[in-house]
Amino acid sequence: MNDAMHAAYGAYLQSLADLLLLRDWEVELKREWADADAYAQACTFDTENHIAIRVTEGFLGHPPEERREWLTHELLHAVMARVNRGVARLGECVPDHLAVQLTCNQHEEESEIVVQQLARIIAPFLPLPPEMA
């Protein structure tokens with residue numbers, strides 16, 4: 182990711198975070214590309230309100246509406262982070278209990294579906310990302 186894209190999209194992500202009431206979160210746009218099987222990826226950190234987001238190498242080749250939805254999706258993982266951490270901790274407390282592990286796995290899948298649905302609902306009301314030459 183070049184410097185211009187990093188600066189423009191870093192500022193854009195922060196503006197989206199502010200609009201999503203994530204002002205107390207540190208939003209970091211990583212320079213490393215996301216895995217090839219994802220348009221964007223987010224990682225939240227257990228001990229702080231910090232989310233790191235990576236985008237795929239071909240990110241700019243997609244329509245701005247898609248880019249906006251993908252970044253909204255990733256930021257919404259910050260909204261869900263506390264709940265997801267709580268469920269993950271439950272799984273860590275009883276790692277050998279099959280029902281608990283299945284519940285944790287199912288929660289992870291359902292959480293992803295909720296985040297995607299919310300992104301589809303919310304993103305159209307947010308500003309489009311910057312265009313890069």
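Position in the sequence shown (first residue = 1) + 181 = the working numbering. Glycine included, C-beta positions come from ideal geometry on N, C-alpha and C. Keep in mind it's a predicted model, so treat the numbers as computed, not measured.
#1: Could you pull the DSSP bridge partners for His231 from this structure?
#2: Strictly by DSSP, which residues pair up with Ala223?
#3: With three or more C-beta pairs closer than 8 Å as the rule, is the segment 247 to 262 touching the segment 297 to 310?
#4: Below 8 Å, can you find three or more Cβ-Cβ pairs linking the segment 267 to 287 to the segment 216 to 225?
#5: Let me know if Val208 comes out buried or exposed under the rule of 16 or more other beta-carbons within 10 Å of its beta-carbon.
Per the coordinate set shown:
#1: The residue given as residue 231 occupies position 50 in the sequence shown. His231 is bridged to Glu207.
#2: If you number the sequence shown from 1, residue 223 lands on position 42. Answer is Ile234, bridged to Ala223.
#3: Because the criterion of three Cβ pairs below 8 Å is met, the segment 297 to 310 and the segment 247 to 262 touch.
#4: No contact exists between the segment 267 to 287 and the segment 216 to 225.
#5: Counting from 1 along the sequence shown, the entry for residue 208 is found at position 27. Label assigned to Val208: buried.
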